[in-house]
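The numbering of the sequence shown is our numbering, which starts it at 6 and goes up by one. Reviewing the structure listed below.
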Amino acid sequence: MTEEGLRAVFEAYLQIHLPGGGKVEEAMAYALGGGGKRLRPVLVLMAAEAAGGDAECCLPAALAVEAVHTYSLVHDDLPDMDNDDWRRGRPSCHRAFGPAVAILAGDGLLTWGLGLLADPNLRQSCSDAACLECLTVLTAAIGTAGMVGGQALDLGFGQASRDQIDQMKTAALFGAAAQIGAILAGRGDLAMALRAYGEDLGRAFQAVDDRLDLDRSDQVHLAELTKVADLHSQRALQHLFPLAERGGELTALVERLSQRQA
Ligand code: GRG
């Protein structure tokens, strides 16, 4: 399936699984909605298909990754973090619901997301061992050796290069998403290649994101970021070698993200 097709399938699944019931669930659903690009869940599904698996079976895992990503955005936007008033084209979660509810909504998204890797439907189509391995992969990517650690370093709690921070904060989750697709497809032999692909895709994505944020007159930084984006895009494509012709959509994704304008 194409990227657009997978995004539509994911979006439909998300809409019928949005949390509801109380204030915190309302804030969780609010944060999950809006104009998210859904890159990470689409990557789970695309990697699964490229590895010969069934994307529909992997939907709970794709939602797990999107829920965890959304938690990071909700917490990142809080006044004591990046203090952003806007997210996904509308007021950030704490602006809409207040900081206390936003903190709980982030906690709720993280907890729910991890629990989705033990979803009964997922366990019916994939082995318990595969689900457990996905949990290990995802928690490693988002913990202190990954996203949380990268955020801490970015906030100045420790010293690291921009490369290390981008690797931990952004690339680790992209890598986990692609690796989870391979694991759920039952292709452990492709897991490391797809993880490496996801990490390089994430690094290229971050460099393009930074480039889009730059003032167009800052030619030196623009050139540097273009170089980083091109390097990681090339590396991402090289990791697809073991997939041969099955890597077509993943190749197209690298090309689309390297050229994106928003
Ligand atoms: C609070 C533990 C914790 C971590 C926060 C992900 C993150 C770490 C902060 C978000 C700010 C940021 C610029 C992170 C770099 C990764 C990134 C570009 C995230 C935004 O991803 P998109 O553009 O978002 O894919 P959408 O909304 O499209 O899903």
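Ideal Cβ positions, reconstructed from N, Cα and C, are used throughout, including at glycine.
Run of the alpha helix (DSSP H) containing residue i, from where it starts to where it stops
| i | result |
| --- | --- |
| Asp-133 | 133-147 |
| Phe-15 | 8-22 |
| Asn-3 | Summary: the structure shown does not reach residue 3, with the chain confined to residues 6 through 267, and so no result is reported for it. |
| Phe-162 | That residue, Phe-162, is in no alpha helix (DSSP H); it is neither H nor E in DSSP. |
| Arg-240 | 224-244 |
| Leu-37 | 28-37 |
| Ala-101 | 98-102 |
Supposed close pair residue i, residue j - CB separation, criterion 8 Å
| i | j | result |
| --- | --- | --- |
| Val-47 | Arg-12 | 5 Å |
| Ala-182 | Val-14 | That pair is no contact at about 16 Å. |
| Ala-105 | Met-33 | The Cβ separation is near 14 Å, so there is no contact. |
| Arg-95 | Leu-78 | Not a contact, Cβ separation roughly 12 Å. |
| Ala-72 | Trp-117 | 6 Å |
| Ala-157 | Gly-151 | Going by Cβ atoms, the distance from Ala-157 to Gly-151 rounds to 11 Å, so no, they are not a contact pair. |
Coarse secondary structure for residue i, derived from DSSP in three states
| i | result |
| --- | --- |
| Pro-84 | coil |
| Pro-92 | In the sequence as displayed, the identity of residue 92 is Arg instead of Pro. Reduced to three states, the DSSP call for Arg-92 is strand. |
| Lys-174 | helix |
| Lys-42 | coil |
| Gln-266 | coil |
| Ala-56 | coil |
| Ala-190 | coil |
| Leu-114 | helix |
| Asp-205 | helix |
| Asp-220 | coil |
| Ala-107 | helix |
| Ala-150 | coil |
| Gly-180 | helix |
| Gly-252 | helix |
Practice problem: Mind the definition here: the region 125-137 touches the region 54-64 only if three or more C-beta pairs lie below 8 Å; say whether that holds. | Solution: yes
Quiz item: Can at least three beta-carbon pairs, one atom from the region 218-230 and one from the region 254-261, be found at a separation below 8 Å?
Solution: no
Quiz item: Are the region 199-206 and the region 244-252 in contact at 8 Å, needing three or more beta carbon pairs?
Solution: yes
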